[in-house]
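Heads up: the structure comes next, in structure tokens.
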Amino acid sequence: MGGVRFVLYLDPPYCIMSNMLKLAGLPRAFLMSAATGETGPYHCLCFRRKSSHSPLVWLVPLQEMMTMNSQTVYLGSTRTFTKHDEIKMPKKSKAKTVKRPSTDAEQLPPKQSKVMDTQSPLCFESPASLFQSLIQPMGAEQFFSEYWEKKPLHLQRTDHDTASYYRSLFQLSDLPGLCAEDLEYYRDVNVVRCINGKKKVLNKPGRVKSSVLNKSFTQNKATIQFHQPQRFKDELWRIQEKLECFFGGLVGSNVYITPQESQGLPAHYDDVEVFVLQLEGQKRWLLYTPTVPLASEYSVESEEKIGSPTHDIVLKAGDLLYFPRGTIHQASTPAGVDHSTHVTLSTYQRMSWGDLLLDIFPNLLCDHSKTAVSLREGMPRGLLLGDSDNLDSSRTLSAGLRALADRLENGTQEVRSTHMKRDFIMNRLPPCSRQQLLEPAGKIPALEDMVCLRFKDHMVITVEPSHEKTDEATQLVVFVLHSLKNQRENHMMGGSCDEEEEQDISRGLQFPLSHLQALRQLQQVQPLAVDQLQLPTQEAKLSLALALWSESLLVAL
Numbered sequence: 000m001g002g003v004r005f006v007l008y009l010d011p012p013y014c015i016m017s018n019m020l021k022l023a024g025l026p027r028a029f030l031m032s033a034a035t036g037e038t039g040p041y042h043c044l045c046f047r048r049k050s051s052h053s054p055l056v057w058l059v060p061l062q063e064m065m066t067m068n069s070q071t072v073y074l075g076s077t078r079t080f081t082k083h084d085e086i087k088m089p090k091k092s093k094a095k096t097v098k099r100p101s102t103d104a105e106q107l108p109p110k111q112s113k114v115m116d117t118q119s120p121l122c123f124e125s126p127a128s129l130f131q132s133l134i135q136p137m138g139a140e141q142f143f144s145e146y147w148e149k150k151p152l153h154l155q156r157t158d159h160d161t162a163s164y165y166r167s168l169f170q171l172s173d174l175p176g177l178c179a180e181d182l183e184y185y186r187d188v189n190v191v192r193c194i195n196g197k198k199k200v201l202n203k204p205g206r207v208k209s210s211v212l213n214k215s216f217t218q219n220k221a222t223i224q225f226h227q228p229q230r231f232k233d234e235l236w237r238i239q240e241k242l243e244c245f246f247g248g249l250v251g252s253n254v255y256i257t258p259q260e261s262q263g264l265p266a267h268y269d270d271v272e273v274f275v276l277q278l279e280g281q282k283r284w285l286l287y288t289p290t291v292p293l294a295s296e297y298s299v300e301s302e303e304k305i306g307s308p309t310h311d312i313v314l315k316a317g318d319l320l321y322f323p324r325g326t327i328h329q330a331s332t333p334a335g336v337d338h339s340t341h342v343t344l345s346t347y348q349r350m351s352w353g354d355l356l357l358d359i360f361p362n363l364l365c366d367h368s369k370t371a372v373s374l375r376e377g378m379p380r381g382l383l384l385g386d387s388d389n390l391d392s393s394r395t396l397s398a399g400l401r402a403l404a405d406r407l408e409n410g411t412q413e414v415r416s417t418h419m420k421r422d423f424i425m426n427r428l429p430p431c432s433r434q435q436l437l438e439p440a441g442k443i444p445a446l447e448d449m450v451c452l453r454f455k456d457h458m459v460i461t462v463e464p465s466h467e468k469t470d471e472a473t474q475l476v477v478f479v480l481h482s483l484k485n486q487r488e489n490h491m492m493g494g495s496c497d498e499e500e501e502q503d504i505s506r507g508l509q510f511p512l513s514h515l516q517a518l519r520q521l522q523q524v525q526p527l528a529v530d531q532l533q534l535p536t537q538e539a540k541l542s543l544a545l546a547l548w549s550e551s552l553l554v555a556l
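Mapping to numbering that gives the first Met the number 0: the sequence shown position 172 is 171, numbers consecutive.
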């Protein structure tokens with residue numbers, strides 16, 4: 000029985016058991032047949048091997064469990080567990096009992112948590128403290144009121160510690176070792192050079208070889224662009240994971256290594272907010288007034304169109320440069336500088352009010368139509384054929400939209416983001432050192448225990464139609480989605496997955512709509528006694544706590 004994880008669910012909702020059967024590869028009919036002739040509810044025992052994501056599920060009627068006097072013998076085990084027992088993990092996993100919540104301490108790599116904080120000028124105590132230390136000596140409040148989405152900011156650093164730390168994030172000498180990681184051109188690396196205002200791609204066929212890359216760099220004076228280095232560099236993973244928690248959106252990165260008197264890309268603007276960290280050498284940046292403020296897409300601009308630069312800045316190792324999306328920019332390595340290495344941290348792509356409206360509007364309109372008879376009335380005959388008065392139709396639609404806006408303003412209409420939340424949680428970075436943290440922490444929670452969420456910044460709650468295919472009318476259910484099992488290696492790399500694979504990436508739980516308020520309690524009030532959860536029965540309260548605990552999302556204090 001070595002290497003097996005024991006998980007106990009007490010009286011789980013039907014949907015939880017259904018999810019577990021799906022993970023185990025068992026048909027839902029198994030649940031129905033197991034329940035035949037029984038009056039329920041059921042206790043559910045889940046056995047999961049550490050080397051597999053396929054648990055074995057066993058259902059036991061409540062009456063039988065009660066005759067065991069609140070004790071359960073796990074199949075294949077010689078030990079008897081009670082609901083109050085702490086589950087011991089095999090020594091090989093090195094999982095430790097969590098006594099008190101510490102969102103950030105939990106997520107730090109155990110071997111680095113004591114060392115990095117003394118060497119790093121960045122503060123990893125919280126997402127907010129990380130961002131504050133990134134833009135020091137400026138305060139976050141001043142930054143967001145004066146610079147964010149408004150104008151560029153250049154922060155010069157003269158201290159040796161910051162320059163040394165930035166250099167450790169990525170440097171030219173790292174490339175030979177990274178080339179051994181089976182890198183591919185286009186996917187992982189681009190070799191480019193700006194010639195006469197146009198980008199020339201110098202990628203080679205096949206895998207990336209260090210010798211070929213070095214030749215392109217030294218002889219062709221090409222820029223090496225390394226895509227999403229946080230997949231390989233732990234400290235960038237650590238920084239970007241915290242920034243994703245801070246911004247509530249994806250944070251990508253690219254490293255650019257440019258030889259002296261060379262330029263990699265022509266003048267262009269991006270659809271992301273950009274933070275440039277100068278890691279090695281120097282880079283001259285020319286910034287221009289945006290032709291499309293807060294642009295929503297990438298575009299190259301001609302030299303004739305952009306005019307004179309508003310900023311002419313030389314970044315040195317340790318410096319930081321911020322500019323809003325839409326800012327036209329180009330950068331080159333000055334003469335006399337051996338090479339320049341910088342990393343761009345980018346965020347807020349498709350995170351505008353317009354993007355949010357595209358996400359929430361279908362649900363808003365659907366909900367409003369349930370109470371607004373005017374929106375359920377048929378449209379004029381021939382409207383689609385162009386035979387009706389467009390002005391009258393526009394007025395009718397405007398009245399419906401105004402009524403919806405009034406409901407939003409007075410708080411009677413809930414805003415439910417679904418696709419944006421799912422996209423973020425499915426594609427963001429997992430917590431650092433996640434392998435040590437994915438097992439349930441501490442004892443199994445009981446009604447009298449105080450509990451809190453373990454990874455509050457890594458989970459979202461959505462209200463969506465049930466994905467279960469039944470003959471009954473579709474009902475709304477609650478999904479608790481998290482990113483604990485996301486793959487760091489795939490972060491910001493795009494690609495396509497079929498529906499089942501996408502759902503597997505975004506791990507989570509499904510609950511009845513009646514559990515929504517209790518879940519929001521856990522998000523807003525910490526710590527909280529299980530018995531205080533706003534659910535009608537003690538069994539439901541305990542079931543919710545145990546489901547979250549087994550998913551590594553909750554800990555008993």
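For each residue, glycine too, the CB sits at the ideal point set by N, CA and C. Quick caveat: nothing in here was measured; it's all calculated off a predicted structure.
Exercise for the section: Have a look at G176, V554 and E488 and flag the residue whose alpha-carbon is nearest the alpha-carbon of P444. Expected result: Taking the sequence shown and counting its residues from 1, one reaches residue 444 at position 445. Comparing Cα positions, the closest option is V554.
Exercise for the section: Tell me, please, whether the stretch 334-343 touches the stretch 263-280 by the rule of three or more beta-carbon pairs shorter than 8 angstroms. Expected result: Using a C-beta cut-off of 8 angstroms, the stretch 334-343 makes contact with the stretch 263-280, since at least three inter-stretch Cβ pairs fall below that distance.
Practice task
Could you tell me if R230 is buried or exposed, where buried requires 16 or more neighbouring beta carbons within 10 angstroms of its beta carbon?
Solution key: Residue mapping note: residue 230 aligns to position 231 of the sequence shown, counting from 1. Here R230 is buried, its C-beta having at least 16 other C-beta atoms within 10 Å.
Practice task
Taking I327 and A266 to be in contact with their CB atoms under 8 angstroms, please state how far apart those CB atoms are, rounded to whole angstroms.
Solution key: Here residue 327 is taken as the residue at index 328 of the sequence shown, counted from 1. Here residue 266 is taken as the residue at index 267 of the sequence shown, counted from 1. The beta-carbon separation of I327 and A266, rounded to 6 angstroms, stays under the 8 angstroms limit for a contact.
Problem - Simplified DSSP state of M458, which is helix, strand or coil - result: In the sequence shown, residue 458 corresponds to position 459, counting from 1. When secondary structure is reduced to three states using DSSP, M458 falls in the strand class.
Handout entry: Beta carbon of D366 nearer than 8 angstroms to that of Q412
Key = The residue you call residue 366 lines up with position 367 of the sequence shown. The residue you call residue 412 lines up with position 413 of the sequence shown. For the pair D366 and Q412, the CB atoms are nearer than the 8 angstroms cut-off.
Exercise for the section: Flag this pair as touching only if the stretch 390-398 and the stretch 368-382 have three or more C-beta atom pairs under 8 angstroms; answer yes or no. Expected result: Touching, yes.
Handout entry: Host beta strand (DSSP E) of P511 (start-end)
Key = Taking the sequence shown and counting its residues from 1, the one referred to as residue 511 is at position 512. It spans G507 to P511 - the beta strand (DSSP E) in which P511 sits, taken as one unbroken run.
Handout entry: Neighbourhood of L518 by C-beta distance below 6 angstroms, restricted to the same chain and skipping five residues each side
Key = Position 519 of the sequence shown, counted from the start, is the residue given in the question as residue 518. The answer, listed in chain order, is I460.
Exercise for the section: Would you kindly work out how many angstroms separate the C-alpha atoms of P308 and L286, rounded to a whole number? Expected result: Counted from its first residue, the sequence shown places residue 308 at position 309. Counted from its first residue, the sequence shown places residue 286 at position 287. The alpha-carbon atoms of P308 and L286 are separated by roughly 5 angstroms.
Handout entry: Beta-bridge pairing of V299 - partner residues as DSSP gives them
Key = Residue numbering aside, residue 299 sits at position 300 when the sequence shown is read from its first letter. DSSP, once it has assigned bridges, lists H267 as partnering V299.
Practice task
Taking L355 as part of the beta strand (DSSP E), name the residues at either end of that continuous run.
Solution key: As a first step, residue 355 is located in the sequence shown; it is residue number 356 there, counting from the start. Looking at the DSSP string, L355 is not in any beta strand (DSSP E); the run it does join, the alpha helix (DSSP H), is W352 to T370.
Handout entry: Closer than 7 angstroms: H328 CB and nearest the ligand NAP heavy atom
Key = For the ligand NAP, the structure offers nothing, since it holds no ligand at all.
Problem - CB contact below 8 angstroms: A330 versus chain D - result: The structure shown contains no chain D; it is built from a single protein chain.
Problem - Check whether Y347 and G248 have beta carbons under 8 angstroms apart - result: Taking the sequence shown and counting its residues from 1, one reaches residue 347 at position 348. Taking the sequence shown and counting its residues from 1, one reaches residue 248 at position 249. Yes, these two residues count as a Cβ contact at 8 angstroms.
Handout entry: DSSP beta-bridge partners of N189
Key = In the sequence shown, the residue the question calls residue 189 occupies position 190. Residue pairing by DSSP places N189 opposite Q224 in a beta bridge.
Exercise for the section: Note the first and the last residue of the continuous beta strand (DSSP E) segment covering T536. Expected result: If you number the sequence shown from 1, residue 536 lands on position 537. Looking at the DSSP string, T536 is not in any beta strand (DSSP E), and its letter there is neither H nor E.
Handout entry: DSSP beta-bridge partners of D311
Key = Position 312 of the sequence shown, counted from the first residue, corresponds to residue 311. D311 pairs with L285.
Exercise for the section: Using alpha carbons as the reference points, say which of Q259, E272, K315 and I312 lies closest to E296. Expected result: Against the sequence shown, residue 296 aligns to sequence position 297. E296 has its Cα closest to that of E272, out of Q259, E272, K315 and I312.
Exercise for the section: State the start and end residues of the unbroken alpha helix (DSSP H) segment that holds L384. Expected result: The residue labelled residue 384 in the question sits at position 385 within the sequence shown. Element bounds for L384: n/a, residue is neither H nor E.
Practice task
Just the C-alpha distance for D314 and W284, rounded to the nearest angstrom, thanks.
Solution key: Taking the first residue of the sequence shown as position 1, residue 314 is located at position 315. Taking the first residue of the sequence shown as position 1, residue 284 is located at position 285. The identity of residue 314 in the sequence shown is Leu, whereas the question assumes Asp. Distance from the CA of L314 to the CA of W284, rounded to the nearest whole angstrom, comes to 8 angstroms.
Handout entry: Burial state of N362, where buried means 16 or more other Cβ atoms lie within 10 Å
Key = Looking up residue 362 in the sequence shown gives position 363. Burial state of N362 is buried, judged by a 10 Å Cβ sphere holding 16 or more other Cβ atoms.
Problem - Distance, N213 Cα to V207 Cα - result: In the sequence shown, counting from the first residue as 1, residue 207 sits at position 208. In the sequence shown, counting from the first residue as 1, residue 213 sits at position 214. Those two C-alpha atoms are separated by around 11 angstroms.
Exercise for the section: Express the C-alpha separation of Q329 and F322 in angstroms, rounding to a whole number. Expected result: On the sequence shown, residue 322 is found 323 positions in, with the first residue counted as 1. On the sequence shown, residue 329 is found 330 positions in, with the first residue counted as 1. In this structure, the alpha-carbon of F322 lies about 12 angstroms from that of Q329.
Problem - Coil, strand or helix - S252 by DSSP - result: If you number the sequence shown from 1, residue 252 lands on position 253. Of the three classes helix, strand and coil, the one that applies to S252 here is strand, per DSSP.
Problem - Sheet register partners of K198 (DSSP bridge) - result: As a first step, residue 198 must be located in the sequence shown, where it is residue number 199. Partner(s): C193.
Problem - Distance, D269 Cα to V291 Cα - result: Taking the first residue of the sequence shown as 1, we reach residue 291 at position 292. Taking the first residue of the sequence shown as 1, we reach residue 269 at position 270. The straight-line gap from Cα to Cα measures roughly 10 angstroms.
Problem - Residue burial classification, A127 (beta-carbon count within 10 angstroms, cutoff 16) - result: If you number the sequence shown from 1, residue 127 lands on position 128. In this structure A127 is exposed. Its beta-carbon is surrounded by fewer than 16 other beta-carbon atoms within 10 angstroms.
Practice task
With a threshold of 16 other CB atoms inside 10 Å of the CB of Q523, please say whether the residue is buried or exposed.
Solution key: What you label residue 523 is simply residue 524 of the sequence shown in a count that begins at 1. With fewer than 16 other Cβ atoms within 10 Å, it is exposed.
Exercise for the section: Determine, using beta carbons only, whether M491 and Q227 come nearer to each other than 8 angstroms. Expected result: By 1-based counting over the sequence shown, the position of residue 491 is 492. By 1-based counting over the sequence shown, the position of residue 227 is 228. Yes, they are a contact pair.
Problem - Boundaries of the alpha helix (DSSP H) in which T473 is found, first to last residue - result: As a working mapping, residue 473 is identified with position 474 in the sequence shown. No alpha helix (DSSP H) holds T473; DSSP gives it neither H nor E.
Exercise for the section: Let me know if N195 comes out buried or exposed under the rule of 16 or more other beta-carbons within 10 Å of its beta-carbon. Expected result: Counting from one through the sequence shown, the residue named residue 195 turns up at place 196. Burial call: exposed.
Exercise for the section: Report the rounded CA-to-CA distance for S465 versus L508, giving the unit in angstroms. Expected result: Translated into positions along the sequence shown, residue 465 becomes position 466. Translated into positions along the sequence shown, residue 508 becomes position 509. In a straight line, the C-alpha of S465 is about 12 angstroms away from that of L508.
Practice task
Measure the alpha-carbon distance for C45 versus L532 and round it to whole angstroms.
Solution key: Reading the sequence shown from its first residue, position 46 is the one you call residue 45. Reading the sequence shown from its first residue, position 533 is the one you call residue 532. For C45, the pLDDT reaches just 42, beneath the cut-off of 50, and the residue's location in the model is therefore unreliable, although a value from the coordinates is still provided. Cα to Cα, the separation comes out at about 24 angstroms.
Handout entry: Neighbourhood of D160 by C-beta, 7 angstroms cutoff - its chain only, sequence neighbours within 5 removed
Key = As a position in the sequence shown, residue 160 is number 161, starting the count at 1. Within the same chain, D160 has close Cβ partners P120.
Handout entry: Coarse secondary structure for L552, derived from DSSP in three states
Key = Taking the first residue of the sequence shown as position 1, residue 552 is located at position 553. Here L552 sits in coil by DSSP.
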